[in-house]
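In our numbering, the protein residues as written are 15 to 438.
What follows is a single structure, written as structure tokens, with notes after it.
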Ligand SMILES: [Zn+2]
């Protein structure tokens, strides 16, 4: 049995649909039915200090109240309150850049086989990846495209609980990078016209405007795939269809063009430089730096006897850019590019958050990047723990000092007041 069959067989017994079958328990069902949770610590996602000993009231899927522990509500019986006093509560996480149809394996043969596997097989793979995300506290993902648009197709029929926003197939210029995640416009058609005529409507649009980073020549940059007038027309055509645009862009010029054209977010942005970061801060363009991809390449190269120096230096450079982005106030959303070689769905969020902290983000600063900033990109109301917001949060063992590693041991994940993961 080959590796792909073994992996697909492993998924088959789990569930017949893409949706995993979590133990879902409604805790906020009927009239007046509310639940109060005792939390040891809360990081609310607004960037402020950690709060200690807080109660969270949940009613009808919404956070109904939040108060310090001594302010016990009238008539509440403390013994009836689920006790998470040894745990930290954070908003549900968002991975703002994933490829659900791809595995985080470095096995090129497996990756190739997945690219041609049937939709039914891929649907099971996607279901497995979404369960991996959920198990690490990720409640929403933003897919950056695939060669056949299967993530979008699957998302359309996927009943949850993870919120999936997918681009479908990305756009790239004929003969340039992007074949593995999208398609070029039909011959003789500009990218804007191709977008207008496209029958496939995603949740957002993905355009590829540079090559990949070189793993053998440090800092090598590629020319933009589309010039400013083409990219501006494409962003306009997307806006006419109600779609924001995420742009894959590495290097100063490809990023400059995308930002000037009015894109919503820059994906990757390696070697984009400080001027671009300043422009992004000015214009409110979000950045999804996908730092962990380079760390994964360095690791794979070390394990396989290839020279990891360029990957390591590129990683360091991206961390420097992230430190600049933090100082300039760029809106940064955490995205892992999971499905890239060595970048596992769900688990990669932990390392990406660690890398943010290595670049100078405090934990309360890194959490909004992994929650509310991503929620904005996906159009979600979740991402903050405050009254009136969806009761969508993650409970991890231990104090905040155990984060982000404690995301390996998620105690519970609530989405709209419903518990989807429960451990311990
Ligand atoms: Zn990607």
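Note that beta-carbon positions come from the ideal geometry of N, C-alpha and C, so glycine has one too.
Spatial distance of residue i from residue j (CA atoms)
i: residue 246; j: residue 189; result: 21 Å
i: residue 259; j: residue 252; result: 7 Å
i: residue 136; j: residue 117; result: 10 Å
i: residue 145; j: residue 156; result: 15 Å
i: residue 70; j: residue 238; result: 49 Å
i: residue 235; j: residue 290; result: 15 Å
i: residue 262; j: residue 279; result: 9 Å
i: residue 194; j: residue 161; result: 5 Å
i: residue 166; j: residue 173; result: 13 Å
i: residue 56; j: residue 200; result: 51 Å
i: residue 310; j: residue 95; result: 42 Å
i: residue 76; j: residue 430; result: 6 Å
i: residue 298; j: residue 82; result: 35 Å
i: residue 58; j: residue 281; result: 26 Å
i: residue 147; j: residue 74; result: 25 Å
i: residue 331; j: residue 78; result: 44 Å
i: residue 424; j: residue 102; result: 10 Å
i: residue 164; j: residue 360; result: 19 Å
i: residue 242; j: residue 339; result: 24 Å
i: residue 370; j: residue 49; result: 34 Å
i: residue 204; j: residue 315; result: 39 Å
i: residue 363; j: residue 350; result: 6 Å
i: residue 108; j: residue 169; result: 16 Å
i: residue 209; j: residue 198; result: 11 Å
i: residue 318; j: residue 130; result: 26 Å
i: residue 404; j: residue 138; result: 28 Å
i: residue 255; j: residue 111; result: 22 Å
i: residue 248; j: residue 159; result: 17 Å
i: residue 154; j: residue 327; result: 31 Å
Residue interval of the alpha helix (DSSP H) (run including residue i)
i: residue 135; result: 133-149
i: residue 309; result: 306-318
i: residue 243; result: 242-254
i: residue 370; result: 362-372
i: residue 71; result: Counting along the chain, residue 71 falls outside any alpha helix (DSSP H), though it belongs to the beta strand (DSSP E) covering 65-73.
i: residue 391; result: 386-392
i: residue 209; result: 205-211
Any non-hydrogen atom of ligand 1 closer than 7 Å to residue i Cβ
i: residue 9; result: Any question about residue 9 goes unanswered here, given that the chain covers just 15 to 438.
i: residue 281; result: yes
i: residue 111; result: yes
i: residue 158; result: yes
Range of the contiguous beta strand (DSSP E) that encloses residue i
i: residue 122; result: Per DSSP, residue 122 belongs to no beta strand (DSSP E); it is in the alpha helix (DSSP H), 122-130.
i: residue 322; result: Where residue 322 is concerned, there is no enclosing beta strand (DSSP E), given that its DSSP letter is neither H nor E.
i: residue 260; result: 259-263
i: residue 96; result: Element bounds for residue 96: n/a, residue is neither H nor E.
i: residue 436; result: 432-436
**OP:** Check whether the stretch 389-407 touches the stretch 114-131, counting contact only when three or more Cβ pairs, one atom from each stretch, lie closer than 8 Å.
**Re:** no
Subject >> At least 3 beta-carbon pairs within less than 8 Å: the stretch 349-360 vs the stretch 319-328 >> reply: no
**OP:** Mind the definition here: the stretch 225-233 touches the stretch 173-186 only if three or more C-beta pairs lie below 8 Å; say whether that holds.
**Re:** no
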